[in-house]
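J.:
There are 2 protein chains.
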Amino acid sequence: MKRLPDDDCGFASALNVIGGKWKTDILWEINVAPRRFGELRRILAGVSEKVLAQQLREMEADDLIRREVFPGKVQRVEYSATEFGRSLNHAVGVMADWGKGYEIRMAQKAEEQAEEQAERSIALSA
Amino acid sequence: MKRLPDDDCGFASALNVIGGKWKTDILWEINVAPRRFGELRRILAGVSEKVLAQQLREMEADDLIRREVFPGKVQRVEYSATEFGRSLNHAVGVMADWGKGYEIRMAQKAEEQAEEQAERSIALSA
DNA sequence: GTAAGCGGTTACGTTGAGGTAAGGAGATCA
DNA sequence: TGATCTCCTTACCTCAACGTAACCGCTTAC
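Those sequence lines, one after another, are chains A and B. Following my numbering, the numbering of the first sequence begins with 25 at its first residue and continues without gaps. Following my numbering, the numbering of the second sequence begins with 25 at its first residue and continues without gaps.
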């Protein structure tokens, strides 16, 4: 996601924070429960270690998530959502609901076009 | 904005629709009042004709805006927001509000860090 | 006749987010 | 001693969004 120049409306800022390809998924997963690095790798199938580490660090810098290193026999790092992160998750939810509506609308549109296509084929063959 | 694969949550779909660099601005302007192509060019200082035309066409295909050609002596094309477009504008507004909060928070954080820096300088020079 | 405004389109170059693959430090296991 | 697990880092590459600049048909104004 390109870091847009901050415009007057705040939306660009929000996109700068959450626009990364995996960030909404990361935030969602961490919001469900604190997650470890390797756990996230497994859950978010397809993300590379490089990008995961990178986006986690950016989200930490933006106060969306908290990184905690637990002392123990093996290295253990846990990421959890901050209150601020949860507040963003809510705003993302509103957009996601709209996205759902869009998907349904576009599916209907595609269906209608398929029907029209079918009708044209019948008219043509008659 | 890269067209992301549609995930389960709908957010990616929403981003695919509104993620273009100028689309929120376009939607906002058109929501205020119907606008002509040249008008948008002037209002959105910095957008190129190519990208403006491209994003307008994508937004039209997504039913966010309506393109109307008015017959007359000079060519006249008007873009206006659809009801669906207005509904997206609302969801964008929620994200924008969050973005505003983020900006304020980060400004405060930067201020605090500047203060700490100043204190360190004083301690060092003493 | 030519300049200028409208609403574009086209070819080409740039840039940066994300992907790939490899390495690496510290600890445990066999 | 080497293999394996964890949590990363680094160098390099790819690809699509965006920018630049030129051109287009149409019309009116000078």
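C-beta: ideal position from N, C-alpha, C; glycine also. As the structure is a computational prediction, the values presented were derived from the model and not from experiment.
Where do the N-terminal and C-terminal ends of the beta strand (DSSP E) with S104(B) fall, by residue?
T.: Where S104(B) is concerned, the enclosing beta strand (DSSP E) stretches over 100-105.
J.: Could you check the C-alpha separation between A147(B) and I128(B) for me, to the nearest Å?
T.: Computed Cα separation, rounded: 29 Å.
J.: Give a yes or no on whether 9 Å exceeds the smallest Cβ distance from L39(A) to chain B.
T.: Yes, its Cβ sits closer than 9 Å to a Cβ of chain B.
J.: In its own chain, which residues sit with a C-beta less than 8 Å from the C-beta of W46(B), not counting the 5 before and 5 after it?
T.: If we look at W46(B) and ignore the five residues flanking it on each side, its Cβ neighbours are L68, V71, V75, L76, Q79.
J.: D30(A): buried (16+ other C-beta within 10 angstroms of its C-beta) or exposed?
T.: For D30(A), the predicted structure reports a pLDDT of 45, less than 50, and the residue's modelled location is therefore unreliable. A value from the coordinates is still provided. D30(A) is exposed by the Cβ-count criterion.
J.: Using alpha carbons as the reference points, say which of G43(B), A36(B), N55(B) lies closest to F108(B).
T.: Cα-wise, what sits closest to F108(B) is N55(B).
J.: Per DSSP, which one or two residues make a beta bridge with I89(A)?
T.: A105(A), per the DSSP bridge assignment.
J.: Any beta-carbon of chain A closer than 9 Å to the one on S111(B)?
T.: Closer than 9 Å: yes.
J.: Would you say the segment 93-101 of chain A touches the segment 114-128 of chain A, given that touching needs at least three Cβ pairs under 8 Å?
T.: Touching, no, given that fewer than three Cβ pairs across the two stretches are closer than 8 Å.
J.: From the DSSP output, read off the bridge partner residues of R59(B).
T.: Paired residue(s): Y103(B).
J.: Please classify V93(A) as buried or exposed, where buried requires at least 16 neighbouring CB atoms within 10 angstroms.
T.: The residue is exposed, with fewer than 16 neighbouring Cβ atoms inside 10 Å.
J.: When the Cα atoms are used, what is the spatial distance from A138(A) to E136(B)?
T.: Using only the alpha carbons, I get a separation of about 59 Å.
J.: Would you call the CB atoms of D49(B) and Y126(A) closer than 9 Å?
T.: Not a contact, by the Cβ cut-off of 9 Å.
J.: Just the Cα atoms here: how many angstroms apart are T106(B) and R90(B)?
T.: Whole-angstrom Cα-Cα distance: 6 Å.
J.: Quick one: Cα of R110(B) to Cα of L112(A), how far?
T.: Their backbone Cα atoms lie some 22 Å apart in a straight line.
J.: With 9 Å as the threshold, decide whether the Cβ of R27(A) is near any Cβ in chain B.
T.: For R27(A), the pLDDT reaches just 44, beneath the cut-off of 50, and the residue's location in the model is therefore unreliable, although a value from the coordinates is still provided. With 9 Å as the cut-off, R27(A) does not count as an interface residue toward chain B.
J.: Note down the Cα distance separating C33(A) from E143(A), rounded to an integer number of angstroms.
T.: Their Cα atoms are separated by approximately 46 Å.
J.: Would you please verify whether the beta carbon of D30(B) is less than 9 Å from any beta carbon of chain A?
T.: In this prediction, D30(B) has a pLDDT of 45, which is less than 50 and means its spatial position is unreliable; what the coordinates show is noted afterwards. So, interface residue.
J.: Would you kindly check if the distance between the Cβ of R59(A) and the Cβ of S104(A) is under 9 Å?
T.: Cβ atoms of S104(A) and R59(A): closer than 9 Å.
J.: 9 Å is my cut-off, CB to CB: does A36(B) come that close to chain A?
T.: Yes, its Cβ sits closer than 9 Å to a Cβ of chain A.
J.: Are F35(B) and G44(A) closer than 9 Å when you measure CB to CB?
T.: No, Cβ-Cβ distance for F35(B) and G44(A) is not below 9 Å.
J.: Let me make sure I understand the geometry here. Which of E73(B), E63(B), I42(B) has the alpha-carbon closest to that of E84(B)?
T.: Nearest option by C-alpha distance: I42(B).
J.: Please compile the residues from chain A whose C-beta is within a distance smaller than 9 Å of the C-beta of G123(B).
T.: Within 9 Å Cβ-Cβ: D30, C33, G34, F35, A36, S37, A38, L39, N40, V41, A115.
J.: Could you tell me how far apart the beta carbons of E82(B) and L64(B) are, in whole angstroms, since I believe they sit closer than 8 Å?
T.: Their Cβ separation, rounded to whole angstroms, is 14 Å, which puts E82(B) and L64(B) out of contact at 8 Å.
J.: For Q141(A), which residues in the same chain have their Cβ closer than 8 Å to its Cβ, ignoring the five residues on either side in sequence?
T.: Excluding sequence neighbours, Q141(A) sits near nothing in its chain.
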